[in-house]
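Numbered according to the numbering used here, the sequence shown spans residues 320 to 499.
Note that the Cβ used here is the ideal one computed from N, Cα and C, for glycine as well.
Heads up, the thing below is written out as structure tokens.
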Amino acid sequence: YRVTVRTEGGHSFSHFGNKNAIHYLADMIQTLYRVRGPVNGDSKTTYNVGTISGGTDGNIGLYEDDFCVMTGGTVKNGTSIYGSNVYLARNARFDLKGGTISGGAGTMSQGGNVALEGTAVFNMSGGTIKNGRAMNIGGNIYNAGTMNISGDALITGGTMAGTGNASGNIAVVNGTLNIS
């Protein structure tokens, strides 16, 4: 069987605090495991919960002096208006030293994987940002803040679905891009 639970969201930055679908599903699983399957002699019915996945909003949102360092792992498949996997604003800082940010889809505008605004800073000295998709500008990255790229950083495979006129990988709009 496949079970789908939809709610207003709550796991991510723009809807944080609302009860999300995975929370409801966890309650359903606890109820399921309190039910004993039928037993007929030596035969009995068993069940198991397999994979749980979800999330249709941005994955990481940092504001007002928030700070995050990523040294490994994967952030992937976020969907949001922009900055689907990582969104930074107002003095927030994100340091990507390793790991992968991939598959973000900016559903309305820009920055399929990453979006920076204003005084936000994104430092990338390693890791990979790949396969982001935006409607208009910056398939992988929309930079209206400050982005510093060095070391073994890899940015590849960004695309735009709409009629935008800027890069599929990095769009710098009133921002700063430093590459060393």
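Distances from the alpha-carbon of residue 391 to those of 429, 463 and 421 put 421 closest. Judged by their CB atoms, residue 388 and residue 404 are not nearer to each other than the 8 Å cut-off. Each residue's CA atom was taken as its position, placing residue 455 and residue 386 some 28 Å apart.
Less than 8 Å separates the beta-carbon of residue 324 from that of residue 343.
Secondary-structure assignment with DSSP links residue 453 through a beta bridge to 425 and 479. Taking a C-beta distance under 8 Å as the contact criterion, residue 398 and residue 424 qualify as a contact pair. For residue 352, the enclosing alpha helix (DSSP H) begins and ends at 340-353.
When secondary structure is reduced to three states using DSSP, residue 412 falls in the strand class. For residue 320, there is no enclosing beta strand (DSSP E), as DSSP marks it with neither H nor E. By alpha-carbon distance to residue 349, the top candidate from 408, 367, 477 and 360 is 367.
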